[in-house]
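Here our numbering runs 229 ahead of the position in the sequence shown, where the first position is 1.
Don't be surprised by glycine CBs; every beta carbon is placed ideally from N, CA and C.
A quick note: this is a predicted structure, and the numbers were derived from the prediction, not measured.
Everything on this sheet refers to the single structure shown next.
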Amino acid sequence: MDFEFTDDQHAIADMAGSVFADYCTDDRLRQFDTGHQAYMEPLWELCIETGLQALAIPEAQGGSGLGMTDLMQVLQAQGQALGQVPLWRHQLAAATLARFGDDSLQAWATEAAAGRALLTLDLGGLHSALGVQLHATPHAGGWRVNGRVSALALAEQSQAALLPVMAQGQPRLAWIELASKGIQHVPGRMTHGEAIADLHLDGVSLSAAQLLPVAALQWLEPRATAALAALQLGVSAEQLRRTVAYVSERRQFDRAIGSFQAVQMSMADAHIALEALRSCLWQLCYRLDAGLPAPSEALATAWQACEAGHLIGHNAQHVHGGIGVDLTYPMHRFLYWSRALGNALGGSAASLERLGHWLSHHDTLGWKYDLEEHQAL
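Right, here's the structure in full:
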């Protein structure tokens, strides 16, 4: 078996790494922290110029038509650099419309691929203890939506969003134009700098086509998990790299603190968690690109991402000592990102509970059930 990435995938990773690393210096990140930008607009323009914002959008809509493995490479580079741009939400929303929408919705995907429209999405209600807070009821041949959405990323800056709604007892994705009558925005900002807004919807009218089939949510959710986990892999990899460099240079008792056994074990645990996440993520992306079912792999990856983000973040802060909580030092940004990504994934406990529920109802876990002779099981 050959587990190497293709030459094209290596080229995409190199280009993304260069774009993000060149722009996201510590000085620029500090300026973003103290500024009032919703996202890094010059960096987003670079993403549009290089086509990074349309990798996963089908070619028929003007995108590159690539898969999750390719997008994973880009998101890992984004996470390493802490680039504040809406890469994954924008193109996964567009890819979902291209796959499941009618002609009018597919036109949005074309606009997104060209960089003329900014799209967003949110699936947080699927993991929340409160559940999905938007409710759609049939009305005049279409739908009427009421309820609220918490902390929608770039809600003020985006033209439209894919959001889960409860419709006739089951969750489905709704395509909602954010300037529609009946939507109230309450803007805010996450601790890691992402601009958000709570939305309150009161009698927002949708056409029948704006409520996508159930299969759209089933297609999107594991890909959103893979995207968030790829960001976490990048964040944690860079956080660990910087921490190892610090403990190799910081000296106490005439020795580098990285030579102390307790510090070495802490860094080893962090490295193991990082590589466990990497393996799970690669498997998930492979299965999604191969068209194989991946519900358990998505849940396992979500759990690994939450666990790795917490463990690596905690250990990094611990060995940095007092300087780790100094906001003039860059380490705190990685912790903020990890906490935000863990929340977006639903948290490790919720992911583990959902995985346990899946396992209790399925006896077909393992590669052999991907073979044709076992497909009926």
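**Asked** Quick one: Cα of residue 397 to Cα of residue 440, how far?
**Response** 12 angstroms
**Whole-angstrom C-beta distance between residue 580 and residue 528, which should lie under 8 angstroms** = 6 angstroms
**Item:** Sequence-distant residues of its chain with Cβ nearer than 6 angstroms to residue 346 (five each side left out)
**Value:** 340 and 388
**Message:** At the level of alpha carbons, what is the spacing between residue 508 and residue 525?
**Reply:** Each residue's alpha carbon lies about 14 angstroms from the other.
**Request:** Please classify residue 442: does DSSP put it in a helix, a strand, or coil?
**Result:** coil
**Request:** Please name the residue, chosen from 502, 353 and 284, that lies closest to residue 319 on a Cα-to-Cα basis.
**Result:** Residue 319 has its Cα closest to that of 284, out of 502, 353 and 284.
**Prompt:** Helix or strand or just coil, what does DSSP make of residue 399?
**Reply:** If DSSP states are grouped into helix, strand and coil, residue 399 belongs with the strands.
**Asked** Does the pairing of the segment 420 to 427 with the segment 484 to 501 give three or more beta-carbon distances under 8 angstroms?
**Response** no
**Asked** Taking the C-alpha atoms as reference points, what is the distance between residue 264 and residue 257?
**Response** 10 angstroms
**Prompt:** By DSSP, does residue 426 sit in helix, in strand, or in coil?
**Reply:** strand
**Prompt:** So, residue 300 versus residue 350, is the Cβ gap smaller than 8 angstroms?
**Reply:** no
**Request:** Please report the residue range of the alpha helix (DSSP H) in which residue 220 lies.
**Result:** Nothing about residue 220 can be read from this structure; the chain reaches only from 230 to 606.
**Asked** What three-state label does DSSP hand residue 431 in the structure shown?
**Response** strand
**Asked** Can you round the beta-carbon distance between residue 386 and residue 267 to whole angstroms, since I take them to be within the 8 angstroms contact cut?
**Response** 5 angstroms
**Asked** Any idea what DSSP makes of residue 635, helix, strand or coil?
**Response** For the chain, the structure presents residues 230 to 606; residue 635 sits outside this window and is missing.
**One or two residues paired with residue 233 in a DSSP bridge** = For residue 233, which the question treats as bridged, DSSP gives no partner whatsoever.
**Item:** N-terminal and C-terminal residue of the beta strand (DSSP E) that residue 364 is part of
**Value:** Element bounds for residue 364: 363 to 368.
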